[in-house]
Amino acid sequence: MNLLMIGVTSKKMQLQKKILIKGLTDSYKAVKEGPFYLVVPALIDLLFLFIFFIGYNFFLSSIMDRIISLLMLTGKAFQGLTQNEISLNILSNQQQMNSLIINIGFWIFGLVVLSYLLYCIFQGASWFIAHKIFKIKTKPVDYIKRFFAVNFVWYVMVVIISYFYVKAVIYTQVLRIPSNLGIINIFSVILLIVICYFAFISYVLIKKHGFIDSIKKSFSLGIKEFPTIASMYVLFILGFIIIDFILRLLFMININLMIIVGIILIFPVIAYMRLAIISVIESLVKTK
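Be aware that the sequence shown starts at 92, since it is given in my numbering, and climbs by one per residue.
Now the structure itself:
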């Protein structure tokens, strides 16, 4: 019985290894035959980052201006006053404080919405183009719609994680109140990795399934085929670690050279990563 179980396990491991190698090699062959599927998504990713950081800096500067105004207002309200005087001063400035808090919330909400829209539009286009190499039959508009839908679930999770992280940072760094920032930081990173793990799987599944089924199946497939999918992710993480090491060396030589080489290396690798994820996930689905 034990020998039978060992044999079944060995065959399964060989199949997983075969699927992983096939996914990586098929993606490489596809890139050689059609560089379009590597170059265009890489350019879209670069454009996405450029536009995102313009919007991010605009919203962040507006948020910080209002936070500074709020801190200055509360600082003036508390400085050199007794407890009773502080209470009276807060009441007199309450309307102005509430207005600033609402304003900050408005700008934060704008940044959240902008990030979601830009990510879904640009990354949805990149993932759709990556699918084209595997003869996707879904129309671009339908795929982008599903991309928006499935990402709403993942994005809500990211926003919730970000809320608790930012709250802990404000308590620790701004208000100087003890908080579990270290623990929250670790858990935030772990949860973001888990979300990315399942989200990338769902991006492959939405071309055939609705967004709810895609999410359900991404959890099912991601858990059952964890060794294969996780191994693929680990390989890409190691690739990015190597790139990071190269860029650190180039930084000591010339920062402009580092930026140019970084763009040349990072964005094509991300584009290739999409192709490999699609190939591996589709192969795993076919084995079911």
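Using N, Cα and C, we set each Cβ at its ideal position, and we do this for glycine too.
Let me know the secondary structure DSSP gives HIS222 once reduced to three states. As a first step, residue 222 must be located in the sequence shown, where it is residue number 131. Looking at HIS222 - three-state DSSP - the assignment turns out to be helix.
Using the Cα positions of ILE252 and LEU208, report the straight-line distance between them to the nearest angstrom. Locating residue 252 in the sequence shown gives position 161, where the first residue counts as 1. Locating residue 208 in the sequence shown gives position 117, where the first residue counts as 1. So the two alpha carbons sit approximately 19 Å from each other.
Is it true that the segment 300-307 meets the segment 232-249, where meeting means three or more beta-carbon pairs spaced less than 8 Å apart? yes
For the alpha helix (DSSP H) that contains GLU373, what are its first and last residues? Taking the first residue of the sequence shown as position 1, residue 373 is located at position 282. Here the alpha helix (DSSP H) through GLU373 covers 346-377.
Can you list, in chain order, the residues of its chain with a C-beta nearer than 6 Å to that of PHE219? Leave out the 5 residues immediately preceding and following it. Taking the first residue of the sequence shown as 1, we reach residue 219 at position 128. So the list reads PRO231 and TYR234, once near-sequence residues are dropped.
By a C-beta neighbour count over all protein chains shown, 10 Å radius and 16 as the cutoff for buried, is MET364 buried or exposed? For the purposes of this step, residue 364 is taken as residue 273 along the sequence shown, with counting starting at 1. It is buried - the Cβ of MET364 has at least 16 other Cβ atoms within 10 Å.
Could you give the distance in angstroms between the alpha-carbon of LEU161 and the alpha-carbon of ILE192? To locate residue 161, count along the sequence shown from 1; it is residue 70. To locate residue 192, count along the sequence shown from 1; it is residue 101. About 8 Å.
Straight-line gap, ASN347 to GLN105 (C-alpha atoms, nearest Å): Locating residue 347 in the sequence shown gives position 256, counting from the first residue. Locating residue 105 in the sequence shown gives position 14, counting from the first residue. Whole-angstrom Cα-Cα distance: 45 Å.
Own chain residues within Cβ distance below 7 Å of VAL203, not counting five before or after: Taking the first residue of the sequence shown as position 1, residue 203 is located at position 112. Excluding sequence neighbours, VAL203 sits near VAL250.
Taking one C-beta from the segment 365-376 and one from the segment 310-326 each time, how about it: are there three or more such pairs within less than 8 Å? yes
Our contact map puts PHE336 next to ASP136 with C-beta atoms below 8 Å; I'd like the distance itself, whole angstroms only. Within the sequence shown, the letter at position 245 stands for residue 336. Within the sequence shown, the letter at position 45 stands for residue 136. Wrong, their Cβ atoms sit about 22 Å apart, outside the cutoff.
Taking the beta carbon of TYR128 as the centre, do at least 16 other beta carbons fall within 10 Å, making it buried, or is it exposed? Here residue 128 is taken as the residue at index 37 of the sequence shown, counted from 1. Buried: at least 16 other Cβ atoms inside 10 Å.
Buried or exposed: GLY114, going by 16 or more other Cβ atoms within 10 Å of its Cβ? Position 23 of the sequence shown holds residue 114. It counts as buried.
In this structure, how does DSSP classify ASN271 when only helix, strand and coil are distinguished? Walking along the sequence shown from the start, residue 271 turns up at place 180. ASN271 falls in the coil class under three-state DSSP.
Just list the alpha helix (DSSP H) runs in the segment 132-170, keeping only unbroken ones of 4 residues or longer that don't cross its boundaries, in chain order. none
According to the neighbour-count rule (16 or more other Cβ atoms, all chains shown, within 10 Å of its Cβ), is LEU329 buried or exposed? Counted from its first residue, the sequence shown places residue 329 at position 238. LEU329 comes out exposed.
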